[in-house]
Amino acid sequence: MNGHKIAFCFPGQGSAEPGMARDVAEAVPEAMEVLRAGSEACGLDLERLCFEATPDELVETEVQQPALVAASLALLAALRARGIEPDYVVGHSVGEYAALSAAGSIEAAVTIALVRERGLAMAEAAKQHPGSMAAILGLPDEVVETLCRRILGVWPANYNCPGQVVVSGADPAVDECCSEAELEGARRTVKLKVSGAFHSPLVARAADRLRPAIERVRFAEPVAPFMSTVTAKVEPAQRLGTLLVDQLTAPVKFTQAASELAREGVRTFVEVGPGNVLSGLVKRIDRSVKAVSVNSLAALEKLEETLSTA
Numbered sequence: 004m005n006g007h008k009i010a011f012c013f014p015g016q017g018s019a020e021p022g023m024a025r026d027v028a029e030a031v032p033e034a035m036e037v038l039r040a041g042s043e044a045c046g047l048d049l050e051r052l053c054f055e056a057t058p059d060e061l062v063e064t065e066v067q068q069p070a071l072v073a074a075s076l077a078l079l080a081a082l083r084a085r086g087i088e089p090d091y092v093v094g095h096s097v098g099e100y101a102a103l104s105a106a107g108s109i110e111a112a113v114t115i116a117l118v119r120e121r122g123l124a125m126a127e128a129a130k131q132h133p134g135s136m137a138a139i140l141g142l143p144d145e146v147v148e149t150l151c152r153r154i155l156g157v158w159p160a161n162y163n164c165p166g167q168v169v170v171s172g173a174d175p176a177v178d179e180c181c182s183e184a185e186l187e188g189a190r191r192t193v194k195l196k197v198s199g200a201f202h203s204p205l206v207a208r209a210a211d212r213l214r215p216a217i218e219r220v221r222f223a224e225p226v227a228p229f230m231s232t233v234t235a236k237v238e239p240a241q242r243l244g245t246l247l248v249d250q251l252t253a254p255v256k257f258t259q260a261a262s263e264l265a266r267e268g269v270r271t272f273v274e275v276g277p278g279n280v281l282s283g284l285v286k287r288i289d290r291s292v293k294a295v296s297v298n299s300l301a302a303l304e305k306l307e308e309t310l311s312t313a
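Just add 3 to the spot in the sequence shown (first one is 1) and you have my numbering.
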């Protein structure tokens with residue numbers, strides 16, 4: 004067993020921020036090229052969205068998802084340009100698309116076009132079936148699962164780290180789940196800024212709309228093993244299309260996937276994308292591993308230094 008494996012982790016919706024990937028794209032031509040090719044493929048001006056869009060504009064699912072994945076893939080291109088490669092890849096929700104691109108299963112421009120389609124499908128499903136999501140903090144995962152079984156119309160949607168589960172469903176059911184969770188002793192509950200009950204059966208229509216777009220894609224065998232957050236297992240090329248469709252209505256098992264990677268010998272988790280949500284979660288999932296965020300030129304240079312001395 005190689006003693007020091009690296010996993011690249013790619014964040015999901017909610018991590019996008021104004022100015023993301025700008026300093027890296029301006030310094031590294033390969034990173035800028037990802038945004039240019041991605042803009043052409045998806046019909047959005049990704050440079051403007053990543054560098055200049057306001058938080059209000061980035062809130063929209065159909066805009067945030069392609070912009071976020073494009074920013075992650077620009078940062079990835081900068082890591083690659085410096086010869087830094089992953090032993091494993093993993094992504095949170097829409098981050099799985101960036102992870103598959105990092106694994107060499109789909110090229111960057113195709114990935115961004117597919118994510119634009121996913122964002123549109125999810126935004127449309129949310130309009131037809133409004134719903135909400137809420138994070139429940141400080142309860143064992145099993146307690147949250149029991150509440151979801153007891154209350155009609157709410158489901159576990161994201162296992163982020165032990166004691167942090169996001170639930171998703173119809174508004175009244177999510178509210179009821181939050182108040183019940185507080186009675187059970189939750190530290191707090193936080194409604195998320197999303198328009199729909201993502202990762203629940205309520206958005207099945209989004210899966211139907213996305214399926215044809217995904218069926219047109221030929222997935223190559225991942226070069227770096229792809230750890231699915233749908234199954235928390237390493238998955239081969241022939242399963243990828245099905246998993247990306249299932250992912251829309253299935254919970255994100257990030258806790259389980261990161262634990263599995265640590266068992267596989269991953270000692271360093273590198274979050275490739277804006278913000279530092281996943282590196283924070285990884286530290287809470289396994290205190291023995293190292294987690295760093297590469298979201299700027301300074302962070303990229305620091306990682307390069309760390310790895311060359313490791």
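By construction, the Cβ of each residue, glycine as well, lies at the ideal position given by its N, Cα and C atoms.
Please check the pair G276 and L52, which I expect to be a contact at CB under 8 Å, by giving their CB distance rounded to whole angstroms. 14 Å between Cβ atoms; not a contact.
The stretch 54-65 / the stretch 131-144 touching (three or more Cβ pairs under 8 Å): no
With 7 Å set as the bound, which would you pick, yes or no: does the beta-carbon of L47 sit closer than that to a beta-carbon of chain D? Considering every chain present, this structure includes no chain D. It has just one protein chain.
If distances are taken between C-alpha atoms only, which option among N161, A227, M230 and A216 comes closest to Q16? N161
Look up K236 in the DSSP assignment and say whether it is helix, strand or coil. coil
List the endpoints of the continuous alpha helix (DSSP H) containing E274. Taken as a continuous stretch (DSSP letters only), E274 belongs to no alpha helix (DSSP H), being part of the beta strand (DSSP E) at V269 to V275.
Assumed close pair A128, G199 - CB separation to whole angstroms, cut-off 8 Å: 6 Å
Rounded distance between the beta-carbons of R121 and K49, thought under 8 Å: Looking at the sequence provided, one finds Leu at residue 49 rather than Lys. About 15 Å separates the two Cβ atoms, so there is no contact after all.
For A44, I'd like the list of residues in its chain whose CB is within less than 6 Å of its CB, leaving aside the five on either flank, ordered along the chain. A112, I115 and A116
Which of the three DSSP states, helix, strand or coil, is assigned to M4? Interpretation of M4 is limited by its pLDDT of 39, a score under 50 that renders its predicted location unreliable; the figure taken from the coordinates is listed afterwards. In this structure, M4 counts as coil in the three-state DSSP scheme.
Quick one: complete beta strand (DSSP E) runs, 3+ long, within the stretch 79-130? 91-94
Count the other C-beta atoms from every protein chain shown that fall within 10 angstroms of the C-beta of Q241, then say buried if there are 16 or more, exposed otherwise. exposed
Per DSSP, I139 is paired with what? V168 and T192
Over the uninterrupted alpha helix (DSSP H) stretch that includes Q206, give me the two end residues. Checking the sequence, you will find Val at residue 206 rather than Gln. That residue, V206, is in no alpha helix (DSSP H); it is neither H nor E in DSSP.
Check each candidate in L281, R270 and P204 and name the one with the smallest Cα separation from A19. L281
So what does DSSP say about S311, is it helix, strand or coil? helix
Cα-Cα separation, L82 to R270: 18 Å
For A10 and T312, what's the separation of their Cα atoms in angstroms? 18 Å
Look at A106 and F222 and say whether their C-beta atoms are less than 7 Å apart. no
Taking the alpha-carbon of L251 as reference, which of W158, Y91 and E274 has the nearest alpha-carbon? W158
Does the Cβ-Cβ distance between M23 and A74 come in under 7 Å? yes
With DSSP collapsed to three states, give me the class of S75. helix
Buried or exposed for L155, going by 16 or more other Cβ atoms inside 10 Å? exposed
Rounded to whole angstroms, what's the CA-CA distance from E29 to A176? Just pull it up for me. 46 Å
Beta-bridge partners of F54, as assigned by DSSP: None, per the DSSP bridge assignment.
What is the DSSP secondary structure of F257, reduced to helix, strand or coil? helix
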